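Right, one structure below, let's go through it.
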Amino acid sequence: MPLADSDGTSIYYERHGSGPAILFVHGSGGHHAAWWQQVAALREEFTVVTVDLRGFGKSDSSMPEFDGQDFPGDVVAVLDAEDLTDAMLVGQSIGSVAALRAGLLRPERVGSVVLGHSLGGISHPELKELAAADRAEAVKLPVIDRLLTKRFQQERADLTFLFQQMGTFNVAKMADLRNLETNGPSLEDIEASGVKVAFLAGEKDAVLSVKTVTRAHELTPGSHLEIVPDAPHSMYWETPAQYNAAVARLRRTLTAQKEAA
0 MPLADSDGTS IYYERHGSGP AILFVHGSGG HHAAWWQQVA ALREEFTVVT VDLRGFGKSD
60 SSMPEFDGQD FPGDVVAVLD AEDLTDAMLV GQSIGSVAAL RAGLLRPERV GSVVLGHSLG
120 GISHPELKEL AAADRAEAVK LPVIDRLLTK RFQQERADLT FLFQQMGTFN VAKMADLRNL
180 ETNGPSLEDI EASGVKVAFL AGEKDAVLSV KTVTRAHELT PGSHLEIVPD APHSMYWETP
240 AQYNAAVARL RRTLTAQKEA A
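Start counting the sequence shown at 0; every next residue gets the next number (numbering that gives the first Met the number 0).
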């Protein structure tokens, strides 16, 4: 069982396939196994790494409380343990905040960060205002309706049930990740790091609007934008084919850009 040491905390991770590296960072209800549809689809072309942040899945969950500020270090520990270079970190929702911070901590190991359904905790007054407005609308909905479309819930009751069960394997909760966004990086910090940033979102995301994500892309120099039609907040789960295609496209594009440079 592969374990990385994050300042004395054991972090579970898995490595599959070969090729340019993609490391997935789960959100508040996920863990390494949530990426089952991504690993199976991408491991033939890429090295696919999945990780459990502390308090999630098989990682150490014995501490009495969790500090979201420690999560980027958990990602860094895996990058170091596997000696990855030019990795693309792909975050899901709040996991994108940990991914971006990890990328900025180890730009020599991370070539790009994909902010999935998230602004990555970027510190910018206009973006904070837009995200807060989106959040105010999102909280009016039941949690499951924020994450998956009603049609999917009706047509795939089995996968909806499994989706909800995923979170029961975790000790840490959403509240333990929220302070990740405290003292987030500025646009200038990102540009100075040399790490490429891409925004990946679903057209039907009920948590973060396309308008907000598009504005973040406009404000972030050299960033990429991928909007997947008809996809919800948890499109990695509900529309995996479209999600996987977008991730692969970004990995190929960003690798090609670096090689050309």
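Beta carbons: idealized from backbone N, C-alpha and C, even for Gly. If you're wondering where the values come from, they're calculated on a predicted model, not measured in any experiment.
Residue range of the beta strand (DSSP E) that includes residue i
i, result
"S9", "8-16"
"A197", "195-201"
"F160", "That residue, F160, is in no beta strand (DSSP E); its alpha helix (DSSP H) goes 156-165."
"L22", "20-24"
"S58", "Run containing S58: none; DSSP gives neither H nor E here."
"L179", "Per DSSP, L179 belongs to no beta strand (DSSP E) and is neither H nor E."
"S5", "2-5"
"V206", "No beta strand (DSSP E) holds V206; DSSP gives it neither H nor E."
"V50", "46-50"
Residue from the options with nearest C-alpha to residue i
i, options, result
"K57", "S9, V47, V77, A76", "S9"
"M173", "R14, G28, D69, D4", "G28"
"E81", "L22, T159, A171", "L22"
"G120", "P141, N178, L2, D157", "N178"
"A86", "G102, G94, E190", "G102"
"G94", "D188, G183, P106, P71", "P71"
"G26", "D6, V194, F55, S222", "F55"
"A247", "R42, P106, A200", "R42"
"E180", "R100, P19, F151", "R100"
"L129", "T254, A215, R251", "A215"
"L3", "A40, H30, D51, Q36", "Before going further, note that residue 3 is Ala rather than Leu in the sequence given. Checked all of A40, H30, D51, Q36; the closest Cα to A3 is D51."
"P220", "F160, A135, E187, T211", "E187"
"R145", "H116, P106, A39", "H116"
"H223", "L207, R251, Q163", "R251"
"Q36", "L126, L158, V209", "L158"
"F151", "A230, E13, H15", "A230"
Spatial distance of residue i from residue j (CA atoms)
i, j, result
"L176", "T238", "25 angstroms"
"V77", "V24", "11 angstroms"
"D73", "R53", "7 angstroms"
"S60", "V170", "6 angstroms"
"A137", "L147", "12 angstroms"
"N243", "P63", "36 angstroms"
"L83", "Y235", "24 angstroms"
"M165", "H232", "16 angstroms"
"A245", "V194", "19 angstroms"
"E44", "S17", "7 angstroms"
"P228", "F65", "36 angstroms"
"P19", "V89", "13 angstroms"
"F198", "T213", "8 angstroms"
"A156", "V142", "16 angstroms"
"V113", "L161", "25 angstroms"
"R108", "I189", "15 angstroms"
"D204", "V48", "25 angstroms"
Extent of the continuous alpha helix (DSSP H) run through residue i
i, result
"K210", "209-218"
"A39", "35-41"
"S192", "186-192"
"V142", "142-146"
"L126", "124-137"
"D175", "173-176"
Classification of residue i by the beta-carbon crowding that lies within 10 angstroms, buried from 16 upward
i, result
"S185", "exposed"
"A33", "buried"
"M217", "Note on residue identity: the sequence assigns Glu, not Met, to residue 217. Exposed, because fewer than 16 other Cβ atoms sit within 10 Å of the Cβ of E217."
"Q153", "exposed"
"G67", "buried"
"D6", "exposed"
"T211", "buried"
ask   = Quick one: complete alpha helix (DSSP H) runs, 4+ long, within the region 70-122?
value = Those alpha helix (DSSP H) runs which fall completely within the region 70-122 and span 4+ residues are 70-80, 94-104.
request  = Starting from the N-terminal side, write out each stretch of the beta strand (DSSP E) that is 3 residues or longer and does not extend beyond the region 222-247.
outcome  = Runs of the beta strand (DSSP E) inside the region 222-247: 223-227.
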